[in-house]
Each structure stands twice: as structure tokens, then as C-alpha cells.
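Asks: What follows is a single structure, and I will ask about it in a moment.
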Amino acid sequence: MKNFELWNPTRLVFGENQLENVQKHIPSGVKNILMVFGGGSIKKNGVYDTVKASLKDYNVIDFGGIEPNPRYETVMKAREVALKENVDFILAVGGGSVIDACKFLCVATPYTDGEPWDIITKRLGKVVTEAIPFGTVLTLPATGSEMNSGSVITRSSSKEKLAFGGPLCFPKFSVLDPKVVASLPERQIVNGITDAFTHVLEQYITYPADAPLQDRFAEGILQTLVEIGPKVIHNPNDSTVAGNFMYCCTMALNGLIQQGVPTDWATHMIGHELTALFDIDHARTLAIIGPNLYRVMFNNKKDKLAQYGERVWGITEGTLEEKAQKTIERTVEFFHSMGIKTKISDYTEDYSDVAKTITSRFEERKWMGLGERGDITLEKVEEIVGMSI
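Sequential numbering from 1 applies to the sequence shown in the numbering used here.
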């Protein structure tokens, strides 16, 4: 196991009817709250009214319209409002996209040393010294953004989707009420399961690192998602099942299971390009790329693939290589069982140059070696994308 430091300052507030208590977690001295949300579903399912009633003692300014895969251009409009209204706290009410947008907004609003996009492209997120504090009310379990400091922002003008993060981007608190799952469309629930599942795989399907506890944590999340996934899809009104689903999504990417072990994230880096280019749902890009990355990088990952197959899918027969291969196919079957298609051509007809486009972008950014060993070269990226068509 590698050396590590684990620090996560987010207060997690879990349980039914916790939306009514949001005001308890707002820091003292706050006057003006910018409440940020997406397309308006929170006004239909009662979340908006409940949260607004809880914040009756504050000056609350609404900002709606954050897109799935939040756009830089939209966040800049929110920044204008935040500056005009002298906002001293931001509340993200939504899923990962709304929360990601607020993470960027919280550091972009006070930033005056250049264009806020520089925070992402020049990797300033880890060194910025000023941010507006923010909290979250989670309405869509999936990304785990409610309990980490990472974010991904899309810039429409350049069709780029890039990640950033830093210590000032942790939410002060996150409220998780499982009852909100009941109002979600099936597609969003399926995406959430797939997103969380692949987040775990990115931190687990690497190489053995003598970290059995981290492995067991990861396997426990995977096993739970396999067990409760179909249940929450078919009965999202069951708040017990919904709560377990919600907590799995949070634990999949709150920093716990990646401590002391190698992590990959190449699936995400390639997948982000598919979203930026074709607007494919983030979770579905992961289901497209992940299995083919395992096939191309099979020799690197076969030990952990076989372990994953044995402990999560019960694949015990055959050689190590045979078990590892069966595990990849079983993972694809799991995605298919939820209606997730796993080819680029299932989502767009404009895919002829996609492999070259992605590798060209990576070359421009000097992303010459991805993955846990840094050996997923541009040639391998091209092969992975080519197999995914």
C-alpha cells in the first residue's frame, strides 16, 4: 500500500426529510445565497419549495438553467449574478452537473487575475486562495460530486470538457434525502448506477497493491450496486433501496477507496471527449470506453479483473486470463441489462474521425501517457476508441 493523506471536510447529512433542515448547516454571517439548479424539475417535485421555505430568513437569489455537462458559458452568467448580488454563499440544488458548476462558480467568482477558464486550463484550482463557500442538496445520485473536490466543465465554443479541482472546492455540507429518487426518470437512475459503478472500477481495476481493505471497500460498493440496481430502477419509491443507491454513489468517489492504491481515470478522460463532441451522457461514455480499455490494456489489468470477477460476479472457473476475459463480458452484460448501449455508433453517425480527433486533442494537451502506469499511449487511445465504434 502506498503512502497517503485522507482529508474530507464535507459534512454529510443523510436521511428522509433532511431537506427541511438545510438552514441548520448554513454558516453564520451569511446573508445572500445564490441557489443554483438545473432545468426546473425541483419546482415540480417539491424540492424547490421545501428548500426555499427552509431558507426564509436569508436573501435567496435563484439561478436556474445549468445543463447536463455544465457549460462554462452558463456558469459565467451565474458569476455575473453572484457579483451583482454580493453573494456570500452558494447552494447547489441538483445532481452532479449542478454541483460541478457550483464548484467552478465558487472559485471563478472572486478570481480577477485573468479569464476564469484559466483556472481549468492552467491547473490553478489547487492554488487559488479565495472561494465563496457552498453547500449542496443532492437530487440525482451519480457522480459523488457532493462529497469531493473535483469538477468537470464543458466549454461549448471549443467543444472541450475538462476536469479541475482543489481544496476550496469541497462542499461545506451535502444533504442527501433518498425520497428525491422517487421523482427521477429511469434513464437518470440507470446513468447514476453506471456512473458510480465505473467510478469504482477506475480506482480498482489497476494492479494489485497489497491493499486488501481498499479492495473490499470497492468490491462492497460494486456488489451493492449489482444487488440494488434493478430494485431501484423498478421501484424508486422504496426509500430504503433509494438511500442505499444514493450512499453507494457518494462512497464511490469521496476519496476513501482510492487511498494508498493506484488509480486509472483514462476511461473518464476519453469518455469526456465523447460527451464534448457528441453530447453523449457521461455515464454512457464510460460504459462505451471502459470495457474496451480493459481489452487493450489486458495484460496490465488481468489480475484485478480476475479478482473482480471472482468476488463480484462469482466467476471461478478457468485460468486467470479466462476469468479476466469473462469478467469484461459480464460487465458489458450488466450495462446492457439496464439498457445502456456500449458502442459510439449507437449514439451518433458522425464517428468516422473520432479516434484521430481525440488523440489530436490529447497530443495538444501533452497527455502522452494515461492510466495507472502512464503507458496508455496515443496509439493505445486510438485503438481503444476504434474498438468502441
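Glycine is no exception: its CB is placed at the ideal position from the N, C-alpha and C atoms. These figures come from a predicted structure and were not determined experimentally.
Use the C-beta contact count for alanine 101: other C-beta atoms within 10 angstroms, 16 or more gives buried, fewer gives exposed.
Replies: Looking at its Cβ environment, which holds 16 or more other Cβ atoms inside 10 Å, alanine 101 is buried.
Asks: Would you decide whether proline 236 is buried or exposed? Buried here means 16 or more other CB atoms lie within 10 Å of its CB.
Replies: By the neighbour-count rule (16 or more Cβ atoms within 10 Å), proline 236 is buried.
Asks: Compare the beta carbon distance of alanine 218 and valine 200 with 7 Å and say whether it is the shorter of the two.
Replies: Contact: yes.
Asks: Rank Leu105, Thr112 and Thr198 by C-alpha distance to the C-alpha of methionine 135 and give the top, closest one.
Replies: Correcting the residue identity first, residue 135 is glycine in this sequence and not methionine. Among Leu105, Thr112 and Thr198, the Cα nearest to that of glycine 135 belongs to Leu105.
Asks: Give every residue of the same chain whose Cβ lies closer than 7 Å to the Cβ of isoleucine 340, excluding the five residues on either side of it in the sequence, and list them in chain order.
Replies: Correct list, in chain order: Val190, Thr194, Arg284 and Ala287.
Asks: Using 8 Å for Cβ pairs, my map puts glycine 271 next to histidine 282. What's the rounded Cβ distance?
Replies: Contact flag correct, Cβ pair sits at about 7 Å.
Asks: Which residues bound the beta strand (DSSP E) around asparagine 32?
Replies: Looking at the DSSP string, the run of the beta strand (DSSP E) that includes asparagine 32 is 32 to 36.
Asks: Distance, Cα to Cα, lysine 24 vs serine 54?
Replies: Looking at the two C-alpha atoms, the distance is approximately 9 Å.
Asks: Between which two residues does the beta strand (DSSP E) holding threonine 139 run?
Replies: Segment 134 to 140, the beta strand (DSSP E) holding threonine 139.
Asks: Output needed for arginine 295: all residues of its chain with C-beta closer than 7 Å, excluding positions within five of it in sequence on either side, in chain order.
Replies: Excluding sequence neighbours, arginine 295 sits near Ile328 and Met387.
Asks: Classify tryptophan 7: buried if its beta carbon has 16 or more other beta carbons within 10 angstroms, exposed otherwise.
Replies: Flag for tryptophan 7 reads exposed.
Asks: How is the alpha helix (DSSP H) around leucine 370 delimited, first residue to last?
Replies: Leucine 370 -> no alpha helix (DSSP H), and no H or E assigned at all.
Asks: Hey, valine 226 and phenylalanine 334 are a contact pair by Cβ (cut 8 Å); roughly how many whole angstroms apart?
Replies: Their Cβ separation, rounded to whole angstroms, is 7 Å, which keeps valine 226 and phenylalanine 334 in contact under 8 Å.
Asks: List in chain order: all unbroken alpha helix (DSSP H) runs of 4+ residues lying wholly within the region 35 to 113.
Replies: Here the runs fully enclosed are 47 to 54, 72 to 84 and 96 to 108.
Asks: Could you work out which residue in Val175, Asp346, Lys380 and Thr316 is closest to aspartate 279 when comparing CA atoms only?
Replies: Of Val175, Asp346, Lys380 and Thr316, the residue nearest in Cα terms is Asp346.
Asks: Could you tell me which residues DSSP puts in a beta bridge with valine 152?
Replies: According to DSSP, valine 152 bridges with Ala163.
Asks: If contacts are defined as beta-carbon pairs under 8 Å, then valine 464 and leucine 168 qualify, I think. What distance do you get, rounded to the angstrom?
Replies: Outside the shown range of the chain (1 to 389) lies residue 464, about which nothing can therefore be said.
Asks: From the DSSP output, in three-state form, read off phenylalanine 173 for me.
Replies: The answer is strand: DSSP assigns phenylalanine 173 an E or B state.
Asks: Report all residues from its chain with a CB closer than 7 Å to the CB of isoleucine 228; omit the five preceding and five following residues, and keep chain order.
Replies: Hits under 7 Å: Val241, Asn244 and Phe245.
Asks: Under 7 Å, do valine 147 and asparagine 254 count as touching if we go by C-beta distance?
Replies: Inspection of the sequence shows that residue 147 is occupied by methionine rather than by valine. Result yes, Cβ atoms of methionine 147 and asparagine 254 sit closer than 7 Å.
Asks: Once you ignore the five residues that flank glycine 96 on each side, which residues in its own chain have a CB closer than 6 Å to its CB?
Replies: Contacts found: Ala142, Thr143 and Ser145.
Asks: Can valine 93 and valine 51 be called in contact, C-beta distance under 7 Å?
Replies: Against a cut-off of 7 Å, the Cβ pair of valine 51 and valine 93 comes out as a contact.
Asks: Using 10 angstroms around the beta-carbon of threonine 268, count the other beta-carbons present and answer buried if the total reaches 16, otherwise exposed.
Replies: Note on identity: in this sequence residue 268 is histidine, with threonine being the wrong assignment. Classification of histidine 268: buried, given that the 10 Å Cβ count is 16 or more.
Asks: Measure the beta-carbon distance from phenylalanine 72 to tryptophan 117 and round it to whole angstroms, keeping in mind my assumption that it falls under 8 Å.
Replies: Contrary to the premise, residue 72 reads as tyrosine rather than phenylalanine in this sequence. About 6 Å separates the two Cβ atoms, so the contact holds.
Asks: By Cβ distance, which residues of its chain are closer than 7 Å to alanine 252, with the 5 residues on each side in sequence left out?
Replies: The residues are Gly144, Ala196, His199, Val200 and Ile221.
Asks: Can you list, in chain order, the residues of its chain with a C-beta nearer than 7 Å to that of valine 332? Leave out the 5 residues immediately preceding and following it.
Replies: Here the set comprises Pro291 and Thr342.
Asks: Suppose only complete runs of 4+ residues qualify. What are the alpha helix (DSSP H) ranges in the region 314 to 382, listed by chain order?
Replies: Here the runs fully enclosed are 320 to 337 and 354 to 364.
Asks: Note down the Cα distance separating threonine 206 from leucine 305, rounded to an integer number of angstroms.
Replies: Cα to Cα, threonine 206 sits roughly 8 Å from leucine 305.
Asks: So, for arginine 79: in the same chain, excluding its five sequence neighbours on each side, which residues have a beta-carbon less than 8 Å away from its beta-carbon?
Replies: Once the five neighbours on either side are set aside, the close Cβ partners of arginine 79 are Leu105, Ala108, Thr109 and Pro116.
Asks: Have a look at the DSSP bridge pairing and note the partners of phenylalanine 14.
Replies: Leu176.
Asks: From alanine 324 to tyrosine 308, what distance separates their C-alpha atoms?
Replies: Roughly 8 Å between the two C-alpha positions.
Asks: Pull up the distance between the alpha-carbon of histidine 336 and that of asparagine 21, whole angstroms please.
Replies: Cα to Cα, histidine 336 sits roughly 39 Å from asparagine 21.
Asks: Just to confirm before moving on: does the CB-CB distance between serine 156 and leucine 12 stay below 7 Å?
Replies: No, these two residues do not count as a Cβ contact at 7 Å.
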